[in-house]
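Undergrad:
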Amino acid sequence: MKNTVTLTDNRNGKTYEFDILNGTMGPDVIDISTFFSQTGMFTFDRGYTSTAMCRSSITYIDGVKGELMHRGYDIAYLAKNKSFLDVAYLLLNKELPNEDEYKNFKQELKKRSYIHEGMMKIFDAFPSKAHPMAVLQASVSALSAFYSDHLNMDNPDEYREMAMRIIAKIPTIAAFSYRFSRGYPIIYPNLDRGFTENFLYMLRSYPYEHVDLKPIEVKALDTVFMLHADHEQNASTTTVRAVGSTHAHPYACIAAGIGALWGWAHGGANEGVIRQLEEIGTADNVDKYIARAKDKNDSFRLMGFGHRVYKNFDPRAKVLKKMCDELISQIGINTELLKIARKIEQIALTDEYFISRNLYPNVDFYSGIILKALGIPNEMFAVIFVIGRTPGWISQWIELKEQDSIKIVRPRQLYVGEKNRTPHE
Ligand code: ACO
Numbered sequence: 001m002k003n004t005v006t007l008t009d010n011r012n013g014k015t016y017e018f019d020i021l022n023g024t025m026g027p028d029v030i031d032i033s034t035f036f037s038q039t040g041m042f043t044f045d046r047g048y049t050s051t052a053m054c055r056s057s058i059t060y061i062d063g064v065k066g067e068l069m070h071r072g073y074d075i076a077y078l079a080k081n082k083s084f085l086d087v088a089y090l091l092l093n094k095e096l097p098n099e100d101e102y103k104n105f106k107q108e109l110k111k112r113s114y115i116h117e118g119m120m121k122i123f124d125a126f127p128s129k130a131h132p133m134a135v136l137q138a139s140v141s142a143l144s145a146f147y148s149d150h151l152n153m154d155n156p157d158e159y160r161e162m163a164m165r166i167i168a169k170i171p172t173i174a175a176f177s178y179r180f181s182r183g184y185p186i187i188y189p190n191l192d193r194g195f196t197e198n199f200l201y202m203l204r205s206y207p208y209e210h211v212d213l214k215p216i217e218v219k220a221l222d223t224v225f226m227l228h229a230d231h232e233q234n235a236s237t238t239t240v241r242a243v244g245s246t247h248a249h250p251y252a253c254i255a256a257g258i259g260a261l262w263g264w265a266h267g268g269a270n271e272g273v274i275r276q277l278e279e280i281g282t283a284d285n286v287d288k289y290i291a292r293a294k295d296k297n298d299s300f301r302l303m304g305f306g307h308r309v310y311k312n313f314d315p316r317a318k319v320l321k322k323m324c325d326e327l328i329s330q331i332g333i334n335t336e337l338l339k340i341a342r343k344i345e346q347i348a349l350t351d352e353y354f355i356s357r358n359l360y361p362n363v364d365f366y367s368g369i370i371l372k373a374l375g376i377p378n379e380m381f382a383v384i385f386v387i388g389r390t391p392g393w394i395s396q397w398i399e400l401k402e403q404d405s406i407k408i409v410r411p412r413q414l415y416v417g418e419k420n421r422t423p424h425e
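Each residue of the sequence shown is one higher than the one before, counting from 1 in full-length UniProt numbering.
(1) Is it a yes or a no for the stretch 322–338 touching the stretch 361–369, going by three-plus beta-carbon pairs under 8 Å?
(2) Quick check: the stretch 385–399 against the stretch 223–235, are there 3 or more CB pairs under 8 Å?
(3) In three-state terms, what does DSSP make of Pro361?
(4) Please confirm whether Trp393 and Val224 have their CB atoms less than 8 Å apart.
(5) Is the beta carbon of Gly306 within less than 7 Å of some heavy atom of the ligand ACO?
(6) For the structure I just gave you, are there three or more beta carbon pairs, one from the stretch 57–71 and one from the stretch 205–217, closer than 8 Å?
(7) If we count the other Cβ atoms within 10 Å of its Cβ and call it buried at 16 or more, is Lys419 buried or exposed?
(8) So, with DSSP's three-state summary, where would you put Phe305?
(9) May I ask you to report which of helix, strand or coil DSSP gives Val29?
(10) Hey, which unbroken runs of the alpha helix (DSSP H) at 4 residues or more fall wholly within the stretch 303–358?
(11) Take Val5 as the anchor and find which of Gln403, Met303, Val29 has the nearest alpha-carbon.
(12) Compute the Euclidean distance between the alpha carbons of Ala220 and Thr34, then round it to the nearest angstrom.
(13) Rounded to a whole number of angstroms, what is the C-alpha to C-alpha distance between Gln233 and Leu302?
(14) May I ask which residues mark the beginning and end of the alpha helix (DSSP H) holding Tyr60?
(15) What does the Cβ neighbour count give for Ile355, buried or exposed, with the cut at 16 atoms within 10 Å?
(16) Around the Cβ of Gln396, are there at least 16 other Cβ atoms within 10 angstroms (buried) or fewer (exposed)?
(17) Spatial neighbours of Arg412 within its chain, please: C-beta separation below 7 Å, excluding the five flanking residues on both sides.
(18) Report yes if the C-beta distance between Leu136 and Ile258 is below 8 Å; otherwise report no.
(19) What distance in whole Å lies between the Cβ atoms of Asp31 and Phe18, which are believed to be in contact at a cut-off of 8 Å?
(20) Given that a residue counts as buried once 16 or more other Cβ atoms are within 10 Å of its Cβ, and exposed if not, what is Asn362?
(21) By alpha-carbon positions, which one of Val218, Ile20, Gly281, Asp351 ends up nearest to Ile376?
(22) Find the nearest neighbour of Ile187 within the set Ile166, Val211, Met164, judged by alpha-carbon distance.
(23) Let me know if Phe381 comes out buried or exposed under the rule of 16 or more other beta-carbons within 10 Å of its beta-carbon.
(24) Measuring only from the beta carbon, is Asn362 closer than 7 Å to any heavy atom that is part of the ligand ACO?
(25) Take Asn22 and list the residues in its own chain whose beta-carbon comes closer than 7 Å to its own, dropping the five residues that flank it on each side.
(26) Going by Cα to Cα distance, which pick from His266, Lys294, Ile75 is closest to Arg357?
(27) Between the stretch 250–268 and the stretch 325–341, do at least 3 Cβ pairs fall closer than 8 Å?
(28) From the DSSP output, which residues share a beta bridge with Thr8?
(29) Give me the Cα-Cα distance between Ala265 and Met1, rounded to the nearest whole angstrom.
(30) Examine the Cβ distances between the stretch 153–173 and the stretch 107–121 and report whether three or more of them are shorter than 8 Å.
(31) Give the DSSP-derived three-state secondary structure of Ile20 in the structure shown.
(32) Out of Ala291, Ile340, Thr39, point me to the one whose CA is closest to Glu279's CA.
(33) Can you tell me which of Asp100, Leu200, Ser139, Val416 puts its alpha carbon nearest to the alpha carbon of Ala252?
(34) Using 8 Å as the threshold, is the C-beta distance between Thr238 and Met53 below it?
(35) Look at the Cβ atom of Ala283, then the Cβ atom of Lys372, and state whether they are nearer than 8 Å.
(36) Can you check which of these residues, Glu402, Gly63, Tyr48, Gln346, is closest to Asn155 by C-alpha distance?
This is how it looks when you write it as structure tokens:
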């Protein structure tokens, strides 16, 4: 027997039936695609908190248990045993790479890591204090003008080529936008270095000075990239899919995703964590700020705590907490900022207010501290998130593309405005 759910309209006793769909994991889903045609009504779901907008086989999250899987592999396993590029390959190709596939993937990305020299004029045109996210978003959009030879998006070879280009070029654009914003000389990609090491090299190096990159620093950044690689239908991924549903070119979709990621409620949160720690100023002030976070009459929120989906310890935060401790002990820093962070973490993990509301430190809390410890400036934090998230966005775009038919994203609304007004003469 088909599983269905029946809805009764109490106003007139009419009943309507909807199919129940089952995934391989996670809650069942009521198929309401015929809701309007059956009932003449819309459903109301502000922020889509109860709405599945697509079928996907890329990432699975159980927010109650605190689980995250990519293509069926648990994030704790991937973080312990694999690199960011392994996960990027997995998202794109559905399987983890073997040794040869990994080498080839890495090589193909390296080959594409340079950007068209004409793009330098774009960086040049921005004011020196431009936020790197603004420059990054504009430059990714510009890629479609500079790389217009792969625009047939009905050809899998062409869109897979484009996917490789975007993943390879975004770190270069990100590093260049930072160097330009500071007036530092541009450092071109170094093909002898791995993906993550090369990005850190382009950020930190000088033409006249040897740059010392510690393996633990590269590992910490690689882990940050990996833990941001995909997170199913979050705001930026939904944006990429929504723009993709109009058949826009993927460069335009990714540029839109970058815009969505910028806000403090999404990718801007780890920058917010550090700014808040700086505002707190000293460990002695922590109690005062904790009291503010708990005060119902104060809108102040502790940045880096709580999550819309995870009502348990965010599995990414668990991995990053360990990484954070390892990095800090190996590079030996003990700043006031770190003391404040440690004190907040300890209070939040034991205080009744935070425990009863499931407000655990989230991935942004630890990634903020790690990026600060790596000497990465605050305004680059969201940019780092973009580099990590790009393989996820591209994989979601490919999945959309390879579905039977694309349905344009076009939600409805509950209109609450004026009606039938007569214009005043
Ligand atoms: N500090 C203090 N109290 C908080 C916090 C916080 N960071 N987050 C939630 N609360 C409280 C709320 O005041 C509310 O209390 P009440 O029940 O007494 O009214 C309760 O916890 C539930 O809060 P909601 O806003 O309903 O939780 P929601 O799931 O909608 O919000 C969010 C999640 C937006 C992440 C929120 O926890 C927050 O603002 N956190 C700080 C910003 C942040 O760290 N964002 C990064 C998210 S992770 C990511 O994007 C990768």
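A virtual CB, placed ideally from N, CA and C, is assigned to each residue, including glycine.
TA: This is what the structure gives:
(1) yes
(2) yes
(3) strand
(4) no
(5) yes
(6) no
(7) exposed
(8) strand
(9) strand
(10) 315–331, 336–350, 352–356
(11) Val29
(12) 48 Å
(13) 25 Å
(14) Counting along the chain, Tyr60 falls outside any alpha helix (DSSP H), though it belongs to the beta strand (DSSP E) covering 59–62.
(15) exposed
(16) buried
(17) Phe42
(18) yes
(19) 6 Å
(20) buried
(21) Val218
(22) Val211
(23) buried
(24) yes
(25) Asp28
(26) Lys294
(27) no
(28) Thr15
(29) 43 Å
(30) yes
(31) strand
(32) Ile340
(33) Ser139
(34) yes
(35) no
(36) Glu402
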